[in-house]
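Note sheet for the following structure.
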Amino acid sequence: RRMAWAIGDIIENRPALSRWHPDHAAAFEAFLKSE
């Protein structure tokens, strides 16, 4: 799941390692809870 998010950083023009970025932390948590 983290690899999918990391690839999404490139595709969605997020900063690298965005899962730790304060602006994207909530979105990452929601992503992990989905599926």
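Residue numbers for the sequence shown, in my numbering: 390 to 424.
Idealized CB from N, CA, C, for every residue including glycine.
Quick caveat: nothing in here was measured; it's all calculated off a predicted structure.
Bounds of the alpha helix (DSSP H) holding residue 421 are 414-422. Counting only residues of its own chain and dropping the five nearest sequence neighbours on each side, residue 394 has a CB closer than 7 Å to the CB of 408, 417, 420. For residue 394, the uninterrupted alpha helix (DSSP H) segment begins and ends at 391-400. Residue 414 and residue 404 have their C-alpha atoms spaced approximately 12 Å apart.
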